[in-house]
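Novice: Dropping a structure here in structure tokens format, bear with me for questions.
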Ligand code: HPA
Ligand code: ZN
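In our numbering, the protein residues as written are 104 to 427.
Structure below.
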């Protein structure tokens, strides 16, 4: 089964590029940019990854971004993940980036976008992998900050495929960002949002109704509302589920006690993803293996899951066809 899962052509739809920053690369970039890290080695840094919920994780995650200074840094960050995808037969990826986490440190949108788009072009040429960038809005910052970020992204309107909503969910309902999502719609972008990770099922409804999202990031708490489950099944709204993330952030005690199998059995359109693999202990294939260990799915179920990811992607129809 391990070989079967490794060899399956895959797509990944829920991946924060800043969450792929491995401690080793963090040290290389810190040295390159003469930034002091308060740890003596990558191993000591990794052992400081002591978080139990989303807020605690986000503190470390934003701290880690301090080493990203130049377009070359963003290129190297993205290329490391893309190279990893090639090894794991991940042939299409839709990647979140958090411009506000960089702009507030004085890094321009042009630096971020030059680096990320350069890596995308090289991934296509070297690996034959297609990709898209989803600009994610930090929901714990004011709406005006999101609107300003959208203005800064306008020159890059055609290099970005979508808008997302991430960061601390509790107390930051999606509806607050309705205007931002309307502007993204005018830019021609797809709309997704993190909802129902730590926040309640109500936030999923709100993201669907007010932000008009087409795909839900996480969404695992939908099971708390049977009417919502009915709606999601009926319309086959994809959920980008991140099993190892859910365990590391305390959404579930372990994979076996997660509701992954329940989501499948309910007939929901589930996809498997890695979220922030450098922090959560595994890339996409590791997430699939963890699910396999706990639930022993069949090969046809895995083929269905990988097809769900391809179908739920924003790739053009002919690309989806080629990926299957
Ligand atoms: N949830 C919310 N925001 C995030 C995450 C996450 O798992 N990773 C990076 N930003
Ligand atoms: Zn996420």
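A virtual CB, placed ideally from N, CA and C, is assigned to each residue, including glycine.
What you are looking at is a predicted structure, and each value in this text was computed from that prediction instead of being measured.
Quick check on the burial criterion: 16 or more other C-beta atoms within 10 angstroms. Buried or exposed for residue 113?
Specialist: What you label residue 113 is simply residue 10 of the chain shown in a count that begins at 1. It counts as buried.
Novice: Could you check if residue 107 is buried or exposed, using at least 16 other CB atoms within 10 Å of its CB as the buried criterion?
Specialist: Translated into the one-based positions of the chain shown, residue 107 becomes position 4. With fewer than 16 Cβ atoms within 10 Å of its Cβ, residue 107 is classed as exposed.
Novice: Do residue 237 and residue 295 have their CB atoms nearer than 9 Å?
Specialist: Here residue 237 refers to the residue found at position 134 when the chain shown is read from its first residue. Here residue 295 refers to the residue found at position 192 when the chain shown is read from its first residue. For residue 237 and residue 295, yes; Cβs fall inside 9 Å.
Novice: Within a Cβ cutoff of 8 Å, which residues of the same chain sit near residue 156, ignoring the five residues on either side of it in sequence?
Specialist: Locating residue 156 in the chain shown gives position 53, where the first residue counts as 1. 301, 352 and 353.
Novice: Are residue 412 and residue 116 close, meaning C-beta to C-beta below 9 Å?
Specialist: Within the chain shown, numbered from 1, the residue matching residue 412 stands at position 309. Within the chain shown, numbered from 1, the residue matching residue 116 stands at position 13. Yes.
Novice: In this structure, how does DSSP classify residue 248 when only helix, strand and coil are distinguished?
Specialist: For the purposes of this step, residue 248 is identified with residue 145 of the chain shown, where counting begins at 1. If DSSP states are grouped into helix, strand and coil, residue 248 belongs with the helices.
Novice: Is residue 122 a contact residue of the ligand HPA, with contact defined as CB to any heavy atom under 8 Å?
Specialist: Stepping through the chain shown from its first residue, residue 122 is reached at position 19. Under cutoff, so the answer is yes.
Novice: May I ask you to verify whether the stretch 171-178 touches the stretch 362-375, counting CB pairs closer than 8 Å and requiring at least 3?
Specialist: Taking 8 Å as the limit for Cβ pairs, the verdict is that the stretch 362-375 does not touch the stretch 171-178.
Novice: Take every Cβ of the stretch 215-224, pair it with every Cβ of the stretch 135-154, and state whether three or more of those distances are shorter than 8 Å.
Specialist: Because the criterion of three Cβ pairs below 8 Å is not met, the stretch 215-224 and the stretch 135-154 do not touch.
Novice: Within 8 Å: the Cβ of residue 125 and any heavy atom of the ligand HPA?
Specialist: Working through the chain shown from its first residue, we reach residue 125 at position 22. No - the ligand HPA has no heavy atom lying nearer than 8 Å to the Cβ of residue 125.
Novice: Three or more C-beta pairs closer than 8 Å, one from the stretch 152-168 and one from the stretch 400-416: is that the case here?
Specialist: No contact exists between the stretch 152-168 and the stretch 400-416.
Novice: Drop a sphere of 10 angstroms on the beta-carbon of residue 446, count the other beta-carbons inside from all chains shown, and report buried for 16 or more, exposed for fewer.
Specialist: Residue numbering for the chain in the displayed model covers 104 to 427; residue 446 lies beyond these limits and cannot be assessed.
Novice: Ordered along the chain, which non-local residues of its own chain (more than five positions away) have a Cβ less than 7 Å from that of residue 187?
Specialist: Sequence index remark: in the chain shown, residue 187 carries index 84 (1-based). Cβ within range, chain order: 386.
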